[in-house]
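J.:
Residue numbers (this note's numbering), protein chains in the order written: chain D, 1 to 188; chain Z, 1 to 278; chain X, 1 to 356.
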């Protein structure tokens, strides 16, 4: 198994923590992992991204130009990374924020209204976990149990009371995939 | 007694250890902590005198084993050739940072820097101010002779207004070069400064007062209450182009006008009470 | 069993410093390595050790000088512009034979440059950096695990040779997270009493730390002593990693992050039937010149891949001494070569050399 993933969006959308949660979950399962953030002033309100690699084998380059999956949470990231999804790959996006998704035909493109759902759950910050739940349902690179284990490490202890709502968000993401009008066809 | 007769007595004394007639009583000798070699300092230079004062204090306080000195870049770069204590030679201006490194790891030792005005007040002013601002429990011995000695008499930040140096041949013009910087007055208001005083070794009283100031500073280091800075108005016969006696006149008539001697910041009475108890 | 942790390179390095028995850390904030100071400012006071934020990189390294001169394990870390500021004192420390660990989380330059990763400090690291005749042992980690491992190794080598050791990382290795394990470690007992300034007892002569030898005869003698030490390093401390070199006709030479990217490029090229291997220098000084010379006869082309304008390539050329063509490929300014672009560049070069 080798999953090469990029998560990109605005700083503050939980881009880095989504990748980090996946990386931790990979570690929980004894897999090889690499998490490479973009860093610097752009993190503060600008665009942020992280490349997360989960693999059964030792990881070579932590820096990649094309990806099995791109999760994009804003329009600039859609414009930048849609072209860099490998043919047959997955492009998952937040459909409330991104109004012009890619028109590529050789990849699966899935939009999830995660922001609206997060607001319905009265916590805008769990948007990233809804997306993550959707992603893991489409590509179960790690188990949901491992993600929950990972969240305990990613979330500082003072936020551990938020673990249940994060779990609900992950489930909501899965549910949203089921509710899609057209089933997602992944070429794997 | 003629000189020859005196040397005869010395020879006799050396030959057998029986002192014949005890013609003289020893009233003064160099401290054992001062290494018995010829110094490279110019005749009349105050460095040798201040070295001796420091080493006397270390011997009298019996703290040779507890003291680490830091030598600067400048004429006193070779201080470790004369002071029989463990020493480190620091890069130009960095003595206070080096001393910080030593003192933070050896908080119960006595640590002092010995720096000139080029070293401390020009290139090293940042390290000096920040070390004092942190209240590093070190002693900074600051020899201010208003000129770069080692490099042959260039203008220093402390060069007096109008004073001629090789790089201010027409005399220091404050419009061009700014004003002589008064380090002691500058650092004294910092809360980290515990004791700041300016002294001079231009006469016997001055030497006694300077020694007392240095003694105080060593003692205060035990309190761990902050930095002590003892500025000593220096001289430079070679670069001032003066005889040692003329130098002393210049110190008294010119240097002390810009750099008046006296205590600038004294410890609080309460702290000194603790010292007595300790 | 040793616990596996997920850590940033900079944090793994900081944790390793504590476990390696670092007595004192002095530092100044600069991206992309401020996590080191932050981590140690949080952990060291609790776990024993001195940590101090200095007023500048100049002060930091001079505090390291003082602490190292007093016989303690001391370190500092910074990134390129800050490391430039430290060069004076690094030269002093080499001259005064003081052990310490200096970490450079390389960012792209020159000048203020960018905070993104680079390898433009290769020359500064291995060719001197500061003034005078001296060398640093330069370790180049290429993973978060090595960010930790090289701290232990670095301190040990510094003590062994009484010489500063430079750990040359980059912004990417510093910021990325990977798995890391910390193994049990006991610092070797090193007797520093013959030179460390801790206060002179009556029973020995004074210790003094200096790099000043004003008599030319003495200075040359001291230079020769240092040179003998650097020769020993060349003989004993060369470290490198080789991949797929047995049948290699082509060779990537790359260190740190570039070596990681080259691994993937190697996989891409190998899948196309191009027999390419990788030599990754782990020590940049001493350099694995001998091994490169040994490999030269079997190779048709060597490609040095760096995040700069071509620096290490000079050492590769010196090592193979004209026996095989040596080419360079790199990106600068914080831009990264992709594995695909490296593989493509290799193919172009192979064709060029075949046709000419």
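For every residue, glycine included, the Cβ atom is placed at its ideal position computed from N, Cα and C.
For clarity, every value in this text was computed on a predicted model and none was experimentally measured.
1. Alpha carbon to alpha carbon, how far is residue 173 of chain X from residue 253 of chain X? Give it in angstroms, no decimals.
2. Determine the contact status of residue 90 of chain D and residue 114 of chain D, defining contact as a CB-CB distance below 8 angstroms.
3. Could you tell me which whole alpha helix (DSSP H) segments of length 4 or greater appear in the stretch 65 to 111 of chain X?
4. Under 9 angstroms Cβ-Cβ, which residues of chain Z neighbour residue 58 of chain X?
5. Buried or exposed: which applies to residue 1 of chain Z, given that a residue is buried once 16 or more other Cβ atoms fall within 10 Å of its Cβ?
6. Spatial neighbours of residue 157 of chain X within its chain, please: CB distance less than 7 angstroms, with the 5 preceding and 5 following residues excluded, ordered by chain position.
7. How about residue 347 of chain X and residue 182 of chain X: are their beta carbons less than 8 angstroms apart?
8. Which residues of the stretch 19 to 42 of chain X have a Cβ closer than 8 angstroms to any Cβ of chain Z? Give them in chain order.
9. Does any residue of chain X have a CB that is nearer than 8 angstroms to the CB of residue 271 of chain Z?
10. Residue 32 of chain Z to residue 57 of chain Z, Cα distance in whole Å?
11. Do you know offhand how far residue 97 of chain X's Cα is from residue 162 of chain X's?
12. With a threshold of 6 angstroms on Cβ separation, who are the neighbours of residue 95 of chain Z within its own chain once the five nearest residues in sequence on each side are excluded?
13. Using a Cβ-Cβ cutoff of less than 7 angstroms, which residues in the same chain neighbour residue 129 of chain X once the five nearest sequence positions on both sides are dropped?
14. Just confirm the distance between the C-beta atoms of residue 180 of chain X and residue 140 of chain X, as a whole number of angstroms; I'd bet it's less than 8 angstroms.
15. Going along chain D, which residues have a C-beta under 9 angstroms from residue 339 of chain X?
16. Let me confirm a value: residue 205 of chain X is counted as buried when at least 16 other C-beta atoms fall within 10 Å, else exposed. Which label applies?
17. Hey, quick one: how far does the beta strand (DSSP E) through residue 108 of chain D stretch, first residue to last?
18. Measuring only between beta-carbons, confirm whether residue 33 of chain D sits less than 8 angstroms from chain X.
19. At 3 residues or longer, what runs of the beta strand (DSSP E) sit wholly inside the stretch 177 to 202 of chain Z?
20. Indicate whether at least one CB of chain D lies closer than 8 angstroms to the CB of residue 280 of chain X.
21. Shorter than 8 angstroms from the beta carbon of residue 149 of chain X to some beta carbon of chain D?
22. Could you tell me if residue 248 of chain Z is buried or exposed, where buried requires 16 or more neighbouring beta carbons within 10 angstroms of its beta carbon?
23. Under 8 angstroms, do residue 20 of chain X and residue 50 of chain X count as touching if we go by C-beta distance?
24. Give the secondary structure of residue 392 of chain X by DSSP, where H, G and I count as helix, E and B as strand, and everything else as coil.
25. Report the option in Z:50, Z:90, Z:140, Z:75 whose CA atom is closest to the CA atom of residue 230 of chain Z.
26. Please check if any C-beta of chain Z sits within less than 8 angstroms of the C-beta of residue 70 of chain X.
27. Out of curiosity, what's the CA-to-CA distance linking residue 95 of chain D and residue 110 of chain X?
28. Please say whether residue 80 of chain Z and residue 51 of chain Z have beta carbons closer to each other than 8 angstroms?
29. Which same chain residues end up closer than 7 angstroms to residue 301 of chain X when comparing Cβ atoms and leaving out the 5 residues on each side of it in sequence?
30. Using the beta-carbon of each residue, which ones in chain X are nearer than 7 angstroms to residue 135 of chain D?
31. Applying a beta-carbon distance threshold of less than 7 angstroms, which residues of chain D neighbour residue 112 of chain X?
32. Under 8 angstroms between the Cβ atoms of residue 197 of chain X and residue 69 of chain X?
33. Rounded C-beta distance between residue 59 of chain X and residue 97 of chain Z? I'm assuming under 8 angstroms.
34. How do the stretch 101 to 108 of chain X and the stretch 71 to 80 of chain X stand: do at least 3 beta-carbon pairs fall below 8 angstroms, yes or no?
35. Could you tell me how far apart the beta carbons of residue 177 of chain X and residue 6 of chain X are, in whole angstroms, since I believe they sit closer than 8 angstroms?
T.: From the atom records:
1. Indexing the third chain from 1 puts residue 253 of chain X at position 253. Indexing the third chain from 1 puts residue 173 of chain X at position 173. Between residue 253 of chain X and residue 173 of chain X, the C-alpha separation is close to 18 angstroms.
2. The residue given as residue 90 of chain D occupies position 90 in the first chain. The residue given as residue 114 of chain D occupies position 114 in the first chain. In this structure, residue 114 of chain D does not lie closer than 8 angstroms to residue 90 of chain D by Cβ.
3. Entirely contained in the stretch 65 to 111 of chain X, the alpha helix (DSSP H) runs reaching 4 residues are, in chain order, 80 to 95.
4. Locating residue 58 of chain X in the third chain gives position 58, where the first residue counts as 1. 91, 93, 94, 97, 126, 127, listed in chain order.
5. Here residue 1 of chain Z refers to the residue found at position 1 of the second chain. The pLDDT assigned to residue 1 of chain Z is 48, lower than 50, so where the model puts this residue is not dependable, and the model offers no usable value.
6. Locating residue 157 of chain X in the third chain gives position 157, counting from the first residue. Around residue 157 of chain X: 137, 165, 237.
7. Taking the third chain and counting its residues from 1, the one referred to as residue 347 of chain X is at position 347. Taking the third chain and counting its residues from 1, the one referred to as residue 182 of chain X is at position 182. Their beta carbons are not under 8 angstroms apart, which means residue 347 of chain X does not touch residue 182 of chain X by this criterion.
8. For the stretch 19 to 42 of chain X, the beta-carbon criterion of a distance under 8 angstroms to any beta-carbon of chain Z is satisfied by 23, 24, 26.
9. Against the second chain, residue 271 of chain Z aligns to sequence position 271. Under the Cβ criterion of 8 angstroms, residue 271 of chain Z is not counted among the residues facing chain X.
10. For this step, residue 32 of chain Z is matched to residue 32 along the second chain. For this step, residue 57 of chain Z is matched to residue 57 along the second chain. In this structure, the CA atom of residue 32 of chain Z is about 11 angstroms from the CA atom of residue 57 of chain Z.
11. As a first step, residue 97 of chain X must be located in the third chain, where it is residue number 97. As a first step, residue 162 of chain X must be located in the third chain, where it is residue number 162. Rounded to the nearest angstrom, the two C-alpha atoms are 5 angstroms apart.
12. The residue given as residue 95 of chain Z occupies position 95 in the second chain. Cβ within range, chain order: 70, 72, 113, 115.
13. Taking the first residue of the third chain as 1, we reach residue 129 of chain X at position 129. Hits under 7 angstroms: 87, 90.
14. Taking the third chain and counting its residues from 1, one reaches residue 180 of chain X at position 180. Taking the third chain and counting its residues from 1, one reaches residue 140 of chain X at position 140. Actually they do not touch by this definition, with Cβ atoms about 17 angstroms apart.
15. Locating residue 339 of chain X in the third chain gives position 339, counting from the first residue. What residue 339 of chain X touches in chain D: 60, 61, 63, 64, 65.
16. In the third chain, residue 205 of chain X corresponds to position 205, counting from 1. By the neighbour-count definition (other C-beta atoms within 10 Å, threshold 16), residue 205 of chain X is an exposed residue.
17. Translated into positions along the first chain, residue 108 of chain D becomes position 108. Segment 108 to 112, the beta strand (DSSP E) holding residue 108 of chain D.
18. As a working note, residue 33 of chain D is residue 33 in the first chain. Interface residue, yes.
19. Correct list: 193 to 200.
20. In the third chain, residue 280 of chain X corresponds to position 280, counting from 1. Output row for residue 280 of chain X: interface = no.
21. Walking along the third chain from the start, residue 149 of chain X turns up at place 149. With respect to chain D, the C-beta atom of residue 149 of chain X has no partner C-beta closer than 8 angstroms.
22. Counting from 1 along the second chain, the entry for residue 248 of chain Z is found at position 248. Residue environment for residue 248 of chain Z: buried (at least 16 other C-beta atoms within 10 angstroms of its C-beta).
23. Residue numbering aside, residue 20 of chain X sits at position 20 when the third chain is read from its first letter. Residue numbering aside, residue 50 of chain X sits at position 50 when the third chain is read from its first letter. No, these two residues do not count as a Cβ contact at 8 angstroms.
24. Absent from the structure is residue 392 of chain X, since the part of chain X shown begins at 1 and ends at 356.
25. Within the second chain, residue 230 of chain Z is the residue found at index 230, counting from 1. The residue with the shortest Cα to Cα distance from residue 230 of chain Z is Z:140.
26. On the third chain, position 70 is the one that residue 70 of chain X refers to. Interface residue, yes.
27. Within the first chain, numbered from 1, the residue matching residue 95 of chain D stands at position 95. Within the third chain, numbered from 1, the residue matching residue 110 of chain X stands at position 110. Taking the straight line joining both Cα atoms gives about 42 angstroms.
28. Within the second chain, numbered from 1, the residue matching residue 51 of chain Z stands at position 51. Within the second chain, numbered from 1, the residue matching residue 80 of chain Z stands at position 80. Cβ atoms of residue 51 of chain Z and residue 80 of chain Z: not closer than 8 angstroms.
29. What you label residue 301 of chain X is simply residue 301 of the third chain in a count that begins at 1. Around residue 301 of chain X: 250, 324, 325, 327, 349, 350, 353.
30. Position 135 of the first chain, counted from the start, is the residue given in the question as residue 135 of chain D. Chain X residues near residue 135 of chain D: none, gap ~19 angstroms exceeds 7 angstroms.
31. Reading the third chain from its first residue, position 112 is the one you call residue 112 of chain X. Chain-order list of chain D residues neighbouring residue 112 of chain X: empty, with the shortest C-beta distance near 13 angstroms, by a criterion of under 7 angstroms.
32. Counting from one through the third chain, the residue named residue 197 of chain X turns up at place 197. Counting from one through the third chain, the residue named residue 69 of chain X turns up at place 69. Yes. Within cutoff.
33. Counting from 1 along the third chain, the entry for residue 59 of chain X is found at position 59. Counting from 1 along the second chain, the entry for residue 97 of chain Z is found at position 97. Taking 8 angstroms as the upper bound for CB-CB distance, residue 59 of chain X and residue 97 of chain Z are in contact here, some 4 angstroms apart.
34. The stretch 101 to 108 of chain X, when compared against the stretch 71 to 80 of chain X, does touch it at the 8 angstroms Cβ threshold.
35. For this step, residue 177 of chain X is matched to residue 177 along the third chain. For this step, residue 6 of chain X is matched to residue 6 along the third chain. The pair is a contact, with the Cβ atoms about 5 angstroms apart (cut-off 8 angstroms).
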